[in-house]
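Here's the structure we're looking at; comments come further down.
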Amino acid sequence: MTGERLRRPPLPAPAPGRLSRVRLTATLAGTPLLRLAVARYAVPPGEPDRTACARCGTPLGLDRPWPALGPAARCGGCRARVGAPPGTVELAALAALAVLVAVPGAPVERAALAWWLCFAVPLVAIDVAVHRLPDRLTWPAAAGVLALYGVVAATSAGAAPWLRAALAGAGLALAFAATTLLLGRRGFGLGDAKLALGVGALLGWHGWPVLVLGLLVTFTLSALTSLALLLARRVRWSSHLPFGPFLVLGTVAALLLAR
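Numbering-wise (the UniProt record's numbering), the sequence shown opens with residue 1 and increments by one.
See the structure below:
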């Protein structure tokens with residue numbers, strides 16, 4: 001053994017099946033928190049956050065998540081529905097996990113996407129329910145994306161992609177906000193502008209073509225859905241559809257198409 005150093009063998013990589021089970025378990029374990037966000041913030045503008053069942057007053061919280069914050073979405077006291085429809089948040093969370101697995105990237109880049117998806121799921125549910133995108137979710141979503149991309153920029157990627165992401169996010173948010181100031185109710189809401197900050201940063205990090213693709217898919221989905229609802233006489237020309245879900249779907253589609 002003279003002059004030789006014993007080397008410890010490398011740890012074996014986790015089996016793909018075990019890693020998938022861990023991801024699936026972690027995703028489903030986090031859905032009560034997503035449901036709590038929907039139940040708390042899916043209230044009309046100007047009303048206080050919901051902290052209890054609207055019918056019987058049973059408190060809502062992670063200390064007693066079942067069954068109100070589970071897939072059944074039913075109050076444990078009166079069995080009234082709480083928050084998003086049964087099963088929808090869980091299905092959305094599983095779809096978000098599939099997106100996270102499908103989109104390539106360095107670990108911190110994937111962490112930025114995971115962070116944004118954790119906020120995107122409740123934001124979509126809230127916007128569909130009450131046409132509202134609360135600041136308590138849109139601001140942290142954007143800030144986390146920019147912060148995590150900042151870590152990647154500082155350690156490996158350099159400043160250029162981070163500056164592009166910041167510029168794309170700020171530019172898209174300002175453009176959306178300008179429509180609110182100029183067009184009023186016919187423009188985008190300020191909640192859409194704040195959501196666009198994180199969306200622009202997320203897509204801008206991957207390049208200007210990805211940002212353009214995301215916007216193209218977003219507006220195409222919005223236009224086709226509006227046309228279908230008009231033809232089915234489910235809405236009128238003066239109706240206002242929530243734009244947040246289309247922005248989230250367009251972002252996800254662009255990331256998947258740009259792989």
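Built from N, CA and C at the ideal position, the CB exists for glycine as well.
Burial state of G87 is exposed, judged by a 10 Å Cβ sphere holding fewer than 16 other Cβ atoms.
Here V252 is near V99, since their CB atoms are less than 8 Å apart.
Within the UniProt domain "Prepilin type IV endopeptidase peptidase" (114 to 218), no run of beta strand (DSSP E) at least 3 residues long lies entirely inside it.
Residue burial is scored here from C-beta neighbours: P59 has fewer than 16 other C-beta atoms within 10 angstroms and is therefore classed as exposed. With contacts defined by Cβ atoms closer than 8 Å, A39 and V82 form a contacting pair.
A direct Cα-Cα distance of roughly 20 Å separates A223 from L257. Straight-line measurement puts the Cα of T218 at about 23 Å from the Cα of Y149. The shortest CA-to-CA distance from L19 to any of L36, E90 and L97 is the one to L97. Under the criterion of beta carbons closer than 8 Å, G198 and W116 qualify as touching, at roughly 6 Å.
D135 sits exposed, since fewer than 16 C-beta atoms from the chains shown fall within 10 Å of its C-beta. Listed in chain order, the alpha helix (DSSP H) runs fully inside the stretch 25 to 112 are 88 to 102, counting runs of at least 4 residues. Here L241 carries a coil assignment [DSSP, helix/strand/coil]. Assignment of V235 by DSSP, reduced to helix, strand and coil, places it in the coil class. In this structure the stretch 103 to 117 lies against the stretch 149 to 167, because at least three pairs of beta carbons, one per stretch, are closer than 8 Å.
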